[in-house]
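Chemist: Quick one: the structure is below, and I'll ask about it shortly.
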Amino acid sequence: LTGYITLDSGYKNTGATQSSITFLDGEKGVLRYRGYSIEDLAEKATFLEVAYLLIYGELPTTEQYAHFENEIRTHTLVNEDMRKIFEGFPVNAHPMGVISSLVSAMSAFYPDSYDSKQPDATNLHIVRLLAKLPTIATWSFKKSQGHPVNYPNNALDYCSNFLHMMFALPVDKYEVDPAVSKALNKLLILHADHEQNCSTSTVRLVGSSQANLYTSISAGIGALWGPLHGGANQEVIEMLEDIKADGGDTQKYIDMAKDKNSGFRLFGFGHRVYKNFDPRAKIIKKAADDVLGKLGVNDPVLDIAKRLEKAALEDEYFIKRKLYPNVDFYSGIIYRALGIPTNMFTVMFAIGRLPGWIAQWQEMRENKEPIGRPRQIYTGPVQRDFVAINDRK
Ligand code: SDX
Numbered sequence: 037l038t039g040y041i042t043l044d045s046g047y048k049n050t051g052a053t054q055s056s057i058t059f060l061d062g063e064k065g066v067l068r069y070r071g072y073s074i075e076d077l078a079e080k081a082t083f084l085e086v087a088y089l090l091i092y093g094e095l096p097t098t099e100q101y102a103h104f105e106n107e108i109r110t111h112t113l114v115n116e117d118m119r120k121i122f123e124g125f126p127v128n129a130h131p132m133g134v135i136s137s138l139v140s141a142m143s144a145f146y147p148d149s150y151d152s153k154q155p156d157a158t159n160l161h162i163v164r165l166l167a168k169l170p171t172i173a174t175w176s177f178k179k180s181q182g183h184p185v186n187y188p189n190n191a192l193d194y195c196s197n198f199l200h201m202m203f204a205l206p207v208d209k210y211e212v213d214p215a216v217s218k219a220l221n222k223l224l225i226l227h228a229d230h231e232q233n234c235s236t237s238t239v240r241l242v243g244s245s246q247a248n249l250y251t252s253i254s255a256g257i258g259a260l261w262g263p264l265h266g267g268a269n270q271e272v273i274e275m276l277e278d279i280k281a282d283g284g285d286t287q288k289y290i291d292m293a294k295d296k297n298s299g300f301r302l303f304g305f306g307h308r309v310y311k312n313f314d315p316r317a318k319i320i321k322k323a324a325d326d327v328l329g330k331l332g333v334n335d336p337v338l339d340i341a342k343r344l345e346k347a348a349l350e351d352e353y354f355i356k357r358k359l360y361p362n363v364d365f366y367s368g369i370i371y372r373a374l375g376i377p378t379n380m381f382t383v384m385f386a387i388g389r390l391p392g393w394i395a396q397w398q399e400m401r402e403n404k405e406p407i408g409r410p411r412q413i414y415t416g417p418v419q420r421d422f423v424a425i426n427d428r429k
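So for the sequence shown, the UniProt record's numbering puts the first residue at 37; every next one is plus one.
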């Protein structure tokens, strides 16, 4: 503490804003969007209903929902010139880098998003983002397979359209399995918002300078990519695969995670706020059993995940630090059962989190919050005089 500045690295004890969007209680493992419990919404709502709830504050009436869904349907196509930007990416480009770039590029295609002289058509930008991110996201997967990209099929609902764009091929008839679409709907709802997490705080901070919505969301995608945040869902599956390849020795990895010098963390475990079970992890764990059972998928890493969870929850190191499975621990197992490749898992998180980012950015703007500009504790050298280069040692 020097003068009036309190150092709080990682903002562990700093409230950055006031928000009426999402409530979570880390001790009790409670998560609610605009007052509705995540358990209720995951079971009874569609992802677009939840997107509407987060962004506009209320669950939509039938008419409002029909209008919202129709608005989104009319914007699922992406400008063909975006394809030219996309074609420039190498085939093995990570999809998170691709969608972060293309979402930022959207500001070039919709200049009214940053031209202060033009009317602020935020609502249209919101619809464009919700409508086009799934389309853009599937392009990377199709390119990585050497397959042609699919155009959206507006006869399908949001989740089925995503699956269609991901998996339809010109040579076969592709029917979306309703069980798969339902599972995806639930996963997207569970990821839709989570108060002031790293990527949401990034979206707010970038937006607080009056930067446009596309650029702010693109910055959020970048923050989510990190392995300590949304990138953890990809790390979890890679970790479980390593454990499987290593003979399924979960205790070895628990011991490594406890050894500070190992540099290894148990991905999918621990949370800045939840010091009890992450309520989303509970729902996803049950959904993993249901979905794999319904699809007849037997994935050995699910058993490894359950054994790892059990061993960790009985281990003093994890108990003392209140480390529980988080949203990323089981989600990859379901994505994989749905046929979604590992490097697309964090993209799925981004598609889910998009309405939350939008809602939080909009709230920050509506509340006319000041530009974010934290202070620091300076620890560098005191004042020094310049030394000519020939006189430097
Ligand atoms: C998400 O914020 C959000 O809401 C995020 C999210 C969302 O919806 O937006 O919920 C999504 O990002 C979930 C988290 C996904 N990340 C991972 O699974 C990566 C593994 N987890 C950790 O790196 C860690 O738990 C964090 C990043 C999630 C939280 O980090 P914190 O709050 O800064 O906690 P910390 O690193 O200070 O850990 C506290 C202690 C430390 O030990 P000590 O120094 O006290 O001895 O717990 C240990 C850590 O070493 N620890 C772990 C661990 N996580 C924390 N030890 C082993 N394995 C782990 N996974």
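Built from N, CA and C at the ideal position, the CB exists for glycine as well.
#1: When burial is assigned at 16 or more other CB atoms within 10 Å of the CB, is Ile273 buried or exposed?
#2: Got a sec, what are the start and stop residues for the beta strand (DSSP E) Val66 sits in?
#3: With C-beta atoms as the reference, is Ala395 less than 8 Å away from Ile91?
#4: Leaving out five residues before and five after Lys64 in sequence, what residues of the same chain have Cβ atoms less than 7 Å from its Cβ?
#5: Taking just the CA atoms, how far does Leu328 sit from Asn334?
#6: Could you tell me whether any non-hydrogen atom of ligand 1 is closer than 7 Å to the CB of Ala293?
#7: Which of the three DSSP states is assigned to Ile225 in this structure?
#8: Take Leu205 as the anchor and find which of Val185, Cys195 and Ala215 has the nearest alpha-carbon.
#9: Identify, in the order they occur along the chain, each residue of the same chain with its Cβ nearer than 6 Å to the Cβ of Gly256, setting aside the five sequence neighbours on each side.
#10: Nearer than 7 Å: is that true of the beta carbon of Tyr268 relative to any heavy atom of ligand 1?
#11: If Ala341 and Ile370 are in contact, beta carbons under 8 Å, what's the gap, nearest whole angstrom?
#12: In angstroms, rounded to a whole number, what distance separates the CA positions of Gly51 and Ser45?
#13: The alpha helix (DSSP H) spanning Leu84 covers which residue range?
#14: Measuring straight from C-alpha to C-alpha, what distance separates Asp117 and Met142?
#15: In this structure, how does DSSP classify Thr58 when only helix, strand and coil are distinguished?
#16: Thinking Tyr250 and Val134 are a contact (beta carbons under 8 Å), I'd like their distance in whole angstroms, please.
Modeler: Considering the structure as presented:
#1: Here residue 273 refers to the residue found at position 237 when the sequence shown is read from its first residue. Looking at its Cβ environment, which holds 16 or more other Cβ atoms inside 10 Å, Ile273 is buried.
#2: Working through the sequence shown from its first residue, we reach residue 66 at position 30. Val66 to Tyr69 is the extent of the beta strand (DSSP E) around Val66.
#3: The residue given as residue 395 occupies position 359 in the sequence shown. The residue given as residue 91 occupies position 55 in the sequence shown. Cβ atoms of Ala395 and Ile91: closer than 8 Å.
#4: The sequence position of residue 64 within the sequence shown is 28, counting from 1. Excluding sequence neighbours, Lys64 sits near Asn312.
#5: Numbered from its first residue, the sequence shown carries residue 334 at position 298. Numbered from its first residue, the sequence shown carries residue 328 at position 292. So the two alpha carbons sit approximately 7 Å from each other.
#6: As a working mapping, residue 293 is identified with position 257 in the sequence shown. The answer is yes for Ala293.
#7: The residue given as residue 225 occupies position 189 in the sequence shown. Residue state, collapsed to three classes: helix.
#8: By one-based count along the sequence shown, residue 205 stands at place 169. Comparing Cα positions, the closest option is Val185.
#9: For the purposes of this step, residue 256 is taken as the residue at position 220 of the sequence shown. These residues qualify, in order along the chain: Ser235, Thr238, Val239 and Trp393.
#10: To locate residue 268, count along the sequence shown from 1; it is residue 232. Here residue 268 turns out to be Ala, not Tyr, going by the sequence shown. Within the cutoff, so yes.
#11: Taking the sequence shown and counting its residues from 1, the one referred to as residue 341 is at position 305. Taking the sequence shown and counting its residues from 1, the one referred to as residue 370 is at position 334. So it is not a contact: roughly 11 Å between Cβ atoms.
#12: In the sequence shown, counting from the first residue as 1, residue 51 sits at position 15. In the sequence shown, counting from the first residue as 1, residue 45 sits at position 9. Approximately 13 Å between the Cα atoms of the pair.
#13: Stepping through the sequence shown from its first residue, residue 84 is reached at position 48. Unbroken alpha helix (DSSP H) run through Leu84: Phe83 to Tyr92.
#14: Taking the first residue of the sequence shown as position 1, residue 117 is located at position 81. Taking the first residue of the sequence shown as position 1, residue 142 is located at position 106. Those two C-alpha atoms are separated by around 11 Å.
#15: Reading the sequence shown from its first residue, position 22 is the one you call residue 58. Strand.
#16: Position 214 of the sequence shown holds residue 250. Position 98 of the sequence shown holds residue 134. The pair is not a contact, with the Cβ atoms about 15 Å apart (cut-off 8 Å).
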